[in-house]
Amino acid sequence: MGKQKNLSLEMMERVIIDLKLDQDYRKIKGSLLRCPGNNMNGVKNLDIRMAPKKENVTTQANSQKRGNLQNVSKIIAVSSCKGGVGKSTIALNLTFSLQKLGFKVGIFDADVYGPSLPTLIGKEKQQLYAPEDKPKEILPIEFNGVKTMSYGYASGNQKAIIRGPMVSSIVVQLVQQTQWQDLDYLVVDMPPGTGDIQISLCQELNFNGAIIVTTPQRLSFIDVVKGIEMFDVLKVPTLSVVENMAEYVCPNCNHLHRPFGPGYINLLQKQFGIATALSIPLYGDISKYSDLGSPVVLTLPEDHTINYIYRKLANNVVNELNRTDLNKSPTVRYDTTKRVIIIKDFEGKEKSIKSLELRSKCNCALCVDEFTGKRLNQNQKFDQEVFPQKIEPKGNYAVAIVWSDGHRSSIYPYKRMWSEEINEHQS
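One gets this note's numbering by counting positions in the sequence shown from 1 and adding 39 to each.
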């Protein structure tokens, strides 16, 4: 039948059939119950049940994907909250770095107002076609074995003057009607910002994870925090932060310069518990080959620093997504009897922390200066009976806690909670 999940015979008196719950469930169940063959000798009862759901992250995620995305295993958002940080270049080179690891990969340019993909791949023929048997669908344009799609292909790379609500509909329709077929990874180059388009994409595409692109400037740091918080609210884990244009090596004296300042990548990791982060230097060949329509990771030698960085980013993405599937993040709960917060890892190791201890060591922007690291709540008198009113995971590496004293912005990376900085309660 193709829908049967399990068949159980109990002493030939009872037959139990578990059916997959889908659009055909009622029809198949009715057919089985009406079938004359059910009157088998010795079988007194025929029990048809819904098959239990598998607790598998990948299966659940794929079941929610619509249109031609159902055969795409993982969908990754590459995002930035401001333009001009090199997000599209990073998305493209990440895509080809994943391909070089042996995966089947596609890339979708979700920016209607300023599509970059038609320029970045430099393919001569960029005309879209529909398959004869499915005229409402679109064939992606392949470039070096990678499936690509962009609104720029359809518009001839002309400027789009479209109202916001229509843009969301166009982007979602375009990605769902593209014949991606079987892909291990689909990289989505998100439009900059945290508005309706970004939220709609997160809700419709069911991203498995996000990569945040930033630059060392203070303004970029402020914006990237908004991006991380948006993905947290939409239950999309941040897999990695990439600091682009971080440094420059002078070709004459070989001296390392940081023209845009020291950056805030370490602060982002500490504040949000993001496990992987890396920096990409200012390197002339990146923009040179991008303008020529050739991804730099396909042009430079494999042992070049740029290829090494992108290979590391690709491996980080693969490893973090695998970690998400295995669901090995610790659990954090509040024991109302002992009045302690308990963190427990997947191997059973536990640590108990007094609520007051954790509340007083909050590192949010209200408690610690984001740029100097100076603690702002040193002289604050905390409620001795403070307790967590709400605890929820933030991505893969932290929990957010809403406290009974009204403080709502606390984020605690698991790594920090395990560290000696947070004192363990000795009962």
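Each residue gets a CB set at the ideal place from its N, CA and C atoms; glycine is no exception.
Along the length of the region 196–266, whole alpha helix (DSSP H) runs at least 4 residues long occupy 203–216, 235–244, reported in chain order. Within its own chain, the residues whose Cβ lies closer than 6 Å to the Cβ of Ala439, once the five positions on either side in sequence are excluded, are Glu431, Lys433, Ile450, listed in chain order. When rounded, the separation of the alpha-carbon atoms in Gln256 and Gln465 is 43 Å. Residue environment for Cys289: exposed (fewer than 16 other C-beta atoms within 10 angstroms of its C-beta).
Comparing alpha-carbon positions, the option among Tyr224, Ala249, Glu460 lying closest to Glu268 turns out to be Ala249. If only complete runs of 4 or more residues are kept, the region 389–434 shows the alpha helix (DSSP H) at 394–399, in order along the chain. The residue among Gln212, Ser70, Ser136 with its C-alpha nearest the C-alpha of Gly184 is Ser136. Residues Ile177, Leu178, Ile180, Tyr192, Ala193 of the same chain have their beta carbon placed closer than 8 Å to that of Leu167, with the five preceding and five following residues left out of the count.
The Cβ-Cβ distance between Asn132 and Val335 falls below 8 Å.
For Gln310, same chain residues with a beta-carbon under 7 Å away, outside a window of 5 residues either side, are Asn402, Ile450 in chain order. Just so you know, the alpha carbons of Leu339 and Gly161 end up roughly 17 Å apart.
Pairing Leu240 with Val211 gives a Cβ-Cβ distance under 8 Å. Contact annotation: the region 374–394 does not touch the region 409–418, with fewer than three C-beta pairs closer than 8 Å. Between Pro369 and Ala314, the alpha-carbon positions lie close to 14 Å from each other. Of the candidates Val425, Ser259, Ser279, Lys377, the residue whose Cα lies closest to the Cα of Ile251 is Ser279.
Excluding its 5 nearest sequence neighbours in each direction, Phe299 has C-beta neighbours in its own chain below 7 Å: Thr254, Pro255, Gln256, Met284, listed in chain order. Comparing alpha-carbon positions, the option among Ile209, Ile238, Phe246 lying closest to Tyr224 turns out to be Phe246.
Just measuring C-alpha positions, the residue of Phe426, Lys126, Glu463 sitting nearest Thr376 is Phe426. Taking all protein chains shown into account, Lys164 has fewer than 16 neighbouring C-beta atoms within 10 Å of its C-beta and is therefore exposed.
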